[in-house]
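Enquirer: Encoded as structure tokens, here's the structure I'll be asking about.
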Amino acid sequence: MATEKVDPETEEPEDEIEIEEEVLPDSKEHMIPKSRLDQEIKKRKDAEKKASDSERTRQESERKRLESEKNFQLLYEQSKSRVVELEGQVESVDEIETALDETLQAQLAELTADARELVPDELTTAQKLRWLARNRARLMKPKAPEGIGAGKRSSVKTAQKAVALTDAEKEIARRFGMSEEEYAKQKGVSASDSPEE
Numbered sequence: 192m193a194t195e196k197v198d199p200e201t202e203e204p205e206d207e208i209e210i211e212e213e214v215l216p217d218s219k220e221h222m223i224p225k226s227r228l229d230q231e232i233k234k235r236k237d238a239e240k241k242a243s244d245s246e247r248t249r250q251e252s253e254r255k256r257l258e259s260e261k262n263f264q265l266l267y268e269q270s271k272s273r274v275v276e277l278e279g280q281v282e283s284v285d286e287i288e289t290a291l292d293e294t295l296q297a298q299l300a301e302l303t304a305d306a307r308e309l310v311p312d313e314l315t316t317a318q319k320l321r322w323l324a325r326n327r328a329r330l331m332k333p334k335a336p337e338g339i340g341a342g343k344r345s346s347v348k349t350a351q352k353a354v355a356l357t358d359a360e361k362e363i364a365r366r367f368g369m370s371e372e373e374y375a376k377q378k379g380v381s382a383s384d385s386p387e388e
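Counting in this note's numbering, the sequence shown runs from 192 upward without gaps.
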């Protein structure tokens with residue numbers, strides 16, 4: 192009978208192998224049949240191969256685990272740098288949003304109270320600014336035409352003349368939202384500014 196042996200690679204005890212020994216009557220030596228020896232050698236080689244495959248598989252799985260940990264560390268570092276980048280962008284967006292809000296408030300302040308009520312409340316700041324840009328001409332108070340000298344002041348000081356207004360001129364003054372005196376004053380300045388014939 193054989194004794195238990197320890198495999199040096201795995202340091203695990205090998206299965207105890209029992210070998211039947213034949214004792215020949217005329218010799219004191221113990222003999223093992225070749226077929227049985229071959230069978231036991233094959234079992235041993237199979238066990239060594241299985242142990243070696245098992246160790247190789249364990250090492251491969253350990254290597255993959257370490258690689259995946261390295262990947263997680265790399266992904267963590269990439270994510271961390273992306274967070275820093277995005278935090279900078281958030282600060283920029285906050286500054287831009289503040290500037291847009293200030294611009295919107297300034298544009299709304301230029302409008303009359305009635306026109307401000309027309310701006311939809313459900314829109315975002317950017318959408319309100321676009322809406323105001325598209326509708327600005329409709330919302331602003333019209334200015335007096337420049338051709339007749341309304342609202343102009345002459346750089347030449349002239350003596351004020353009493354100017355009489357006709358009914359048509361009084362109607363024009365009323366349409367421009369001017370008093371008759373203001374219209375007469377402007378008419379007197381423009382008449383004195385124009386060359387005499």
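For every residue, glycine included, the Cβ atom is placed at its ideal position computed from N, Cα and C. Computed from a predicted model, the values in this text were never measured in an experiment.
With D292 as the anchor, note down where its alpha helix (DSSP H) starts and where it stops.
Expert: For D292, the enclosing alpha helix (DSSP H) begins and ends at 225-301.
Enquirer: Is T316 near the ligand MG, with its Cβ less than 8 Å from a heavy atom?
Expert: You won't find the ligand MG in this model; it holds no ligand whatsoever.
Enquirer: Would you tell me roughly how many angstroms separate the C-alpha atoms of I232 and K241, rounded to the nearest one?
Expert: Each residue's CA atom was taken as its position, placing I232 and K241 some 14 Å apart.
Enquirer: Tell me, please, whether the segment 296-311 touches the segment 264-276 by the rule of three or more beta-carbon pairs shorter than 8 Å.
Expert: no
Enquirer: Would you mind working out which of R366, L356, G368 sits nearest K378, comparing C-alpha positions?
Expert: L356
Enquirer: Please return the same chain residues whose Cβ sits closer than 7 Å to the Cβ of E371, not counting the five positions on each side in sequence.
Expert: L356, K361, A364
Enquirer: To which residues of the same chain is L314 closer than 7 Å at the C-beta, ignoring the five residues directly before and after it?
Expert: W322
Enquirer: Cβ atoms of T316 and L277: under 9 Å apart, would you say?
Expert: No, they are not a contact pair.
Enquirer: Buried or exposed, going by whether 16 or more other CB atoms sit within 10 Å of the CB of Y374?
Expert: It is buried - the Cβ of Y374 has at least 16 other Cβ atoms within 10 Å.
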